[in-house]
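Counting in my numbering, the final residue of the sequence shown is number 543, and the numbers go up one at a time with none missing.
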Amino acid sequence: MTAHSIASTWDIFCKVVDNFGDAGVCWRLARILHREHGLQVRLWVDDLNTLRALHPDLDAAAPLQHAEGITVCRWQDVLPEPVEATVVIEAFGCGLPEGYIAAMAASARPPLWIVLEYLSAESWVDEHHGLSSPHPQLPLPRYFFFPGFTSATGGLLREADLSIRRDRFDDPARQRFWHDMGFDNSDAQSLTVSLFAYAGAPVAGLLETMARDAAPVVVAVPDDVLLSAVRAFFGTAADNDRGPWRRGALEVRVLPFLPLVRYDELLWACDLNFVRGEDSFVRAQWAARPMVWQPYRQEDGAHRRKAQAFLDRYAVGLAPKAKGALTAFCSCWNGDHTDMAAAWRALREELPDLAGHARRWAGDLAAGADMAARLVEFAGNKVK
Ligand code: TRH
């Protein structure tokens, strides 16, 4: 029996801790499982407003609705019985409802319980991916599933047609994108940058540096937490002031928070992408453009180890100068208080090399199976 036929109904549980990443990853996973693997997927989310920001067709008040073939349920309304799923995904260790766990245990064929973990490039992930962690009291099989960058991990989420869509995104498509956003396409001399980051990022320093650049820089900022720092930089406090703002070589454009599918287009339309967290970080890699990552900040400093582990992997094959420029800029962006102007100059100089490298990196990563395919295979091997 194939994984496909045995694991046909999946429940995904998602709690939005903060921001968009939890919902983004779960929605993307649900979509791929349904579209590419023919699975019936129910996505339980505790915060439909956040999911709606990514997929605006959703009704944030509906207890149950269907979108793109996925059944989307408000977690508060969860009905524990009967448990029909063959596989249950607990995203990012969010826990499952007690009643649901009891119903799983009471089922004649309890579903396979998979805890989907956060992405990390650290080497320990290879050993932890796929480990069993049975429920301490109940007879329920449970496994850890770690996304990652090697063949020993769960891989990265990627739609089957993503590379083709990216490669078809040519100049006219780019112009249409900017036009749809209400802007003329920036001229060919401008460096176009998307800027998605957490509120603590050294935005003022970056914008000041870009304003002094020798060539024009166009920065697109999504309508999110960075906007108040950007407004402050341009000396405007009004929430309804949406620019565009100019200073020196710099032009800043405010973009609406885009639906998930259009966010890819923004990444493809830019020469350099600043991304954060998990899902935008992965999308920027598939975009095959130079990128600067700001990991989600963790109290114990784990984000620094994550950033280092990623750079260690990513920079393999980069010329020493480009590697040095990328490493120095990333640590400056992530708060090491070094000279932003010098770091930016070096990064800017190395962008052609970094662009070639980003393309190779995306190609190498895409040679492996994507996360949803690995998950389906994993489940197929466990559900007998
Ligand atoms: O929003 P995030 O900071 O999410 C974070 C991380 O996932 C982090 O690991 C987790 O611990 C924390 O949430 C709770 O960054 P991330 O992961 O990049 O998610 C952003 C999502 O928003 C991603 O799916 C892309 C999407 N997006 C759009 O759809 N449109 C937009 O305009 C933008 C800027 C983003």
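For each residue, glycine too, the CB sits at the ideal point set by N, CA and C.
Pick from the options that is closest to residue i, judged by C-alpha positions
| i | options | result |
| --- | --- | --- |
| ASP512 | VAL535, LEU477 and ALA319 | LEU477 |
| HIS287 | ALA388, TYR277 and PHE328 | TYR277 |
| ASP329 | CYS429, VAL411, SER490 and LEU524 | CYS429 |
| TRP570 | GLN199, GLU249 and ALA370 | Nothing about residue 570 can be reported from this structure: the residues present for the chain run from 160 to 543 only. |
| ALA321 | VAL204, ALA280 and ALA443 | Before going on, a small fix: residue 321 reads as Leu here, not Ala. The shortest C-alpha separation from LEU321 is found at ALA443. |
| THR309 | ASP285, PRO293 and ILE323 | ASP285 |
| ALA358 | LEU350, ASP339, ARG435 and GLY341 | ARG435 |
| ALA261 | ALA280, ALA226 and LEU299 | LEU299 |
| ALA521 | PHE342, ALA446 and VAL176 | ALA446 |
| PHE341 | VAL352, GLY402, LYS174 and THR368 | First, the residue type needs correcting, since residue 341 is Gly and not Phe in the sequence shown. With distances taken between Cα atoms, GLY341 lies closest to GLY402. |
| LEU385 | ALA374, PRO361, ARG335 and ALA373 | PRO361 |
| ALA363 | TRP492, PRO415, ARG194 and CYS173 | TRP492 |
| ARG507 | CYS253, THR351 and ARG333 | THR351 |
| ASP438 | VAL176, GLY183, PHE172 and ASP177 | GLY183 |
| LEU524 | VAL274, ASP181, LEU297 and LEU316 | LEU316 |
| LEU426 | GLY307, PHE172 and PHE336 | PHE336 |
| LEU210 | ASP495, GLN235, ASN178 and GLU195 | ASN178 |
| PRO256 | ALA332, ARG390 and CYS173 | CYS173 |
| GLY197 | VAL542, ARG371 and ALA531 | ALA531 |
| ALA319 | ASN540, GLY539 and ALA526 | ALA526 |
Exposed unless 16 or more other CB atoms sit within 10 angstroms - verdict on residue i
| i | result |
| --- | --- |
| LYS480 | exposed |
| GLU424 | buried |
| ALA212 | buried |
| TRP452 | buried |
| SER353 | buried |
| GLU458 | exposed |
| ILE171 | buried |
| SER164 | Reliability fails at SER164, whose pLDDT of 43 lies under 50, so the model's placement of it is uncertain and the value that follows must be treated cautiously. Counting Cβ neighbours within 10 Å, SER164 comes out exposed, since fewer than 16 surround it. |
| ARG533 | buried |
| PHE537 | buried |
Length of the line joining the Cα atoms of residue i and residue j
| i | j | result |
| --- | --- | --- |
| ASN399 | LEU290 | 50 Å |
| TYR302 | LEU188 | 17 Å |
| THR312 | ALA466 | 18 Å |
| LEU192 | LEU202 | 11 Å |
| GLY450 | MET263 | Sequence inspection shows Met at residue 450; the Gly mentioned does not correspond to that position. Going by the C-alpha atoms only, they are around 43 Å apart. |
| CYS185 | PRO418 | 15 Å |
| GLY407 | ALA396 | 20 Å |
| ASP206 | PHE355 | 22 Å |
| LEU275 | PHE304 | 5 Å |
| MET499 | PHE488 | 7 Å |
| GLY394 | ARG405 | 11 Å |
| ILE323 | ALA528 | 16 Å |
Is it the case that the stretch 208 to 228 contacts the stretch 244 to 261, given that we only count it when at least three CB pairs across the two stretches are under 8 Å?
no
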